[in-house]
Ligand code: GDP
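Numbering (UniProt numbering), first residue to last: 16 to 483.
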């Protein structure tokens, strides 16, 4: 009896799997962007708004979501996106931003969907699963390392370090080490540490291209040999030398770090949102914008149909069908500026498509705020009206206060931002454009109300609307 029972249960499990595969479509939505782009806030607010069917009027034209609920995710060994803790941070009496993304995590949201119109009359409700996969954009950029040898990568990485103020200390350390001499671990560390510090400083200064990505977000690999190397100028590399060892570690990084990420996570994605802190880059200056421009093409080339499959000899790499590039934190500027921000994003995406020679998924650009932290205000300033945003900011004593802020004007023509960046300008004319750090606003959400946002529903409609 026991055996019969167990066989029966086995059959049921298989049947469940088959049912799910046949009748319950699964959408795997990748959420990426460089650190601090807003991935954690985006996922938290998206899920909260979907669960409560909150402020999502633009989502689901041909179907009505009748229920949404969280379920155990299909991948047992991937960290679960800590939705409850992140939402608690944002909705606390003294709200604060949640802990940012440090590694891959996942969350499954399931919908009961009722088709509307004629179809609704003849078919019953369906179940659709949405698996949200959160991963650092830094790891995506590592794909560019795959076609490079250690020598090629070194040339590029050293040129970057020379072009950026943040690279000085690393270059100085480089001058003190003989890379042709026998490898010793203290020498390796004496280069890897300032190199890592430089990458972090460059990232903080607004540069996008700071590979290898795990040097910034090492997780459990911190301190391991695979993250203890640095670029070196060309020279002799006898057996046992530091140069030879660094080359070996670079190859190990590609094989042991980059490949598993693309195989286990990236290759299974069918929809993708790339969050971009375009306002942050504009604020950081022309060099950061130029870097962002380059990086967008690199990101897009990771999605070139079949590229990852070919590179890693993977069978069954999914085709990413839609990619949305979203400028985040649009609540930092008045809505009268939103169209200009979107135009800048559209120009960046158009250029990236050209540069990466990309033809594949449908792409789109938007400006959004996953969590709206400000309200708008128009003030009279010496006879001139100024469009401001007002929100909570830190008061420097552990508390908060209200502050209104004029962010300056974005140019009507995106070329006025992108051309000076390309031509190597070092500062913006006027330099009036600024960004302020707002804290999340206090919220009292009524039942069935999600957190306030800007165009999160439109982003969701582009990403998953056709599948509902
Ligand atoms: P991640 O590193 O990509 O996970 O980035 P987070 O989601 O942690 O966001 C980084 C920071 O950006 C947050 O701590 C906030 O300061 C800010 N931020 C993110 N999303 C928004 C938004 O929608 N509005 C505003 N005003 N700030 C945001």
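Glycine included, C-beta positions come from ideal geometry on N, C-alpha and C.
CA nearest to the CA of residue i, picked from the options
i: residue 173; options: 291, 365, 270 and 214; result: 214
i: residue 324; options: 318, 317 and 332; result: 332
i: residue 405; options: 396, 412, 415 and 392; result: 392
i: residue 453; options: 105, 131, 201 and 151; result: 105
i: residue 460; options: 196, 243 and 107; result: 107
i: residue 248; options: 181, 200 and 167; result: 167
i: residue 339; options: 24, 330, 380 and 62; result: 380
i: residue 423; options: 347, 89 and 465; result: 347
i: residue 295; options: 345, 159, 387 and 251; result: 345
i: residue 234; options: 429, 208, 20 and 154; result: 154
i: residue 129; options: 123, 122, 138 and 121; result: 138
i: residue 415; options: 131, 429, 455 and 287; result: 455
i: residue 479; options: 304, 377 and 370; result: 377
i: residue 409; options: 451, 90 and 426; result: 451
i: residue 207; options: 218, 311 and 227; result: 227
i: residue 258; options: 205, 310, 470 and 197; result: 197
i: residue 375; options: 334, 425, 403 and 427; result: 334
i: residue 141; options: 91, 83 and 297; result: 83
i: residue 127; options: 354, 442 and 38; result: 38
i: residue 146; options: 177, 306, 46 and 24; result: 46
i: residue 280; options: 18, 219 and 89; result: 89
Distance cut-off 8 angstroms: residue i Cβ against heavy atoms of ligand 1
i: residue 233; result: no
i: residue 51; result: yes
i: residue 218; result: no
i: residue 406; result: yes
i: residue 387; result: yes
i: residue 384; result: yes
i: residue 48; result: yes
i: residue 243; result: no
i: residue 56; result: yes
i: residue 8; result: Residue 8 lies beyond the stretch modelled for the chain, which goes from 16 to 483, so this question has no answer here.
i: residue 115; result: yes
i: residue 290; result: yes
i: residue 482; result: no
i: residue 283; result: no
i: residue 344; result: yes
i: residue 112; result: yes
i: residue 347; result: yes
i: residue 468; result: yes
Contact under 9 angstroms by Cβ, residue i with residue j
i: residue 109; j: residue 224; result: no
i: residue 274; j: residue 318; result: no
i: residue 149; j: residue 283; result: no
i: residue 22; j: residue 144; result: no
i: residue 60; j: residue 86; result: no
i: residue 385; j: residue 57; result: yes
i: residue 44; j: residue 117; result: no
i: residue 308; j: residue 437; result: yes
i: residue 363; j: residue 382; result: no
i: residue 343; j: residue 290; result: yes
i: residue 1; j: residue 387; result: Since the displayed the chain opens at 16 and closes at 483, residue 1 lies outside it and no answer follows.
i: residue 240; j: residue 270; result: no
i: residue 483; j: residue 74; result: yes
i: residue 244; j: residue 268; result: yes
i: residue 159; j: residue 50; result: no
i: residue 80; j: residue 65; result: yes
### Continuous beta strand (DSSP E) assignments of at least 3 residues falling wholly in the segment 399-473
399-409 and 415-420
### Message
Just to confirm the assignment: which complete alpha helix (DSSP H) runs, minimum length 4, are found wholly within the segment 60-125?
### Response
98-106
### Residue ranges of each alpha helix (DSSP H) within the segment 316-368, 4 or longer
322-327
#### Entry: Segments assigned alpha helix (DSSP H), at least 4 residues, entirely inside the segment 144-181
152-156 and 165-178
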